[in-house]
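Following our numbering, the numbering of the sequence shown begins with 117 at its first residue and continues without gaps.
Glycine residues also receive a C-beta, built at the ideal position from the N, C-alpha and C atoms.
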Amino acid sequence: MGSLDLLRQEIASFPETKDLQVSDSDVITVVQYIDLKKAYNPKDPTQKFEPVLITEPFVTIEYRVSEAYLKNEIEQGKQKKLDTSYHNDYLINAKLADFQLFNDERREALEVSKKFIESCQPNTFVRGMYFHGKYRTGKTYLLSAIANALIEKNISVVFAYFPDLVRNIKNAFSDNSLEIKVKQLKSCGVLILDDVGGEYMTAWFRDEIFGPILQYRLTVGLPVLISSNYKMTDLHRVFAEAKDGVDEVKAMRIMMRIRELTKEIKLSEKSYDAI
C-alpha cells in the first residue's frame, strides 16, 4: 500500500472528514488539518486559535479565535471589574440562585438583593443593604453573589472584609498608597463592606477614613452594601467606643450616613449549622 493510500485511510477514519471527497493534491492539506484538530482542545482557553477546514472554493486551513479563549477573555475582563484584594473569603462561584431559602427573612434578603441588582446602573444612586446577623447565616455568600451579578453588568466593585481593610489602611502609610486606596474606596461603582464592626477601629480611622468615604459616596450617589454581626443600634455603640475613647457625636454621624446609604435587613433567625 502506497503512502497516499495510507493518508486516505487516515482521512476516512477521522469523523469530520470520513465522507469528504478529496483530490490527490489536497490530501496533504487535509491530513495536516486532522493533526492540528487532534491536538486542539476546545475547552483549553490557552489555545487561542481553532483550526477550521475550508473546502470551497478550494481546500485550505483557516484559524479562528476559539470560543474557550473568547469566553476566558470576557471572564478576565469581568474579574478586572472586581477588586477583592481586601477579602480572602470572597466566593467566586456564589450565585443568587443557590442562596438557600429556609425562612422568610432569607426570602426577603434575596428579593431586595435582586431588586438592587436590577436597579443598579452607572451614575444612578440606588440605596444599598445592611445585612446583619450571627455567624454562618449567609451574609458573605449573599454579598459575593451580588458582587458576581454586578460585574456581569459591567459595574466595578470593591469587596472588602472590613477588619482586613482597617489593617490594610493602617499599613498604607509605609508604602505611600493611602491616598490611592481611599480614592478607590470612594469612587468604585459599588462598595461592599463585609463584617463591619468585626474589629475595633481607632477614632482616626473612623473620622478620617471611614466617615469621609461614606460621605463622598452619599454625596455623589454611589451605592454601599454592608454586612455586620451587629444591628445598626448596636453598631453605633461599637463606633462610639473606639480605642481612643468614646465619641457619641461622631459615631452618630457615621450611623446617619449608613442609614441614608442602606436599608437594614435581618439575617439572624437560623444559621447553616442549625439546618
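Same chain only: Cβ atoms within 6 Å of residue i, ignoring 5 sequence neighbours per side
| i | result |
| --- | --- |
| N188 | P161 |
| Y332 | K302 |
Reduced DSSP category for residue i - H, G, I as helix; E, B as strand; rest coil
| i | result |
| --- | --- |
| A390 | Its pLDDT being 45, under 50, A390 is placed unreliably in this model, and the value from its coordinates should be taken loosely. Three-state DSSP puts A390 in a helix. |
| T335 | helix |
| R369 | helix |
| V138 | coil |
| D214 | helix |
| A276 | strand |
| I374 | helix |
| F355 | helix |
| Y185 | helix |
Nearest-angstrom Cα separation, counted from residue j out to residue i
| i | j | result |
| --- | --- | --- |
| E227 | F215 | 11 Å |
| I391 | N345 | A caution first: I391 carries a pLDDT of 44, below 50, which makes its placement in the model too unreliable to give a value. |
| D165 | R283 | First, the amino acid is wrong: residue 165 is Phe here, not Asp. Approximately 45 Å between the Cα atoms of the pair. |
| T335 | P328 | 10 Å |
| L281 | Y202 | 6 Å |
| V435 | F130 | The structure shown does not extend to residue 435, since the chain is modelled only from 117 through 391, so no value can be given for it. |
| L266 | N157 | 31 Å |
| I170 | I177 | 6 Å |
| G393 | I308 | One cannot answer for residue 393 here, as it falls past the ends of the chain, which runs 117 to 391. |
| N292 | K286 | 11 Å |
| T378 | D151 | 59 Å |
| Y246 | D363 | 23 Å |
| G249 | S384 | 4 Å |
Residue i: first and last residue of the uninterrupted beta strand (DSSP E) it sits in
| i | result |
| --- | --- |
| I325 | That residue, I325, is in no beta strand (DSSP E); it is neither H nor E in DSSP. |
| L341 | 340-344 |
| D311 | Premise fails: D311 is in no beta strand (DSSP E) and is neither H nor E. |
| R180 | 176-181 |
| L169 | 165-170 |
| T162 | No beta strand (DSSP E) holds T162; DSSP gives it neither H nor E. |
Bounding residues of the alpha helix (DSSP H) (the contiguous stretch that carries residue i)
| i | result |
| --- | --- |
| I150 | 143-155 |
| S303 | 294-303 |
| S290 | Element bounds for S290: n/a, residue is neither H nor E. |
| D220 | 220-235 |
| N264 | 255-268 |
| R124 | 119-129 |
Own chain, CB closer than 8 Å to residue i, minus 5 neighbours either side, in chain order
| i | result |
| --- | --- |
| K134 | I127, A128 |
Per DSSP, the bridge partner or partners of residue i
| i | result |
| --- | --- |
| Y246 | I342, E380 |
| L198 | V273 |
| T349 | For T349, which the question treats as bridged, DSSP gives no partner whatsoever. |
| T240 | Q237 |
Any non-hydrogen atom of the ligand FAD within 7 Å of residue i CB
| i | result |
| --- | --- |
| T133 | In terms of ligand content, the structure shown is empty, and the ligand FAD therefore cannot be addressed. |
Residue i at chain B interface by Cβ criterion, 8 Å
| i | result |
| --- | --- |
| V306 | This model lacks chain B altogether; it includes just one protein chain. |
Contacts around residue i, its chain only, beta-carbon distance under 7 Å, and the 5 residues preceding and following it disregarded
| i | result |
| --- | --- |
| L258 | F215, A225, S229, F247 |
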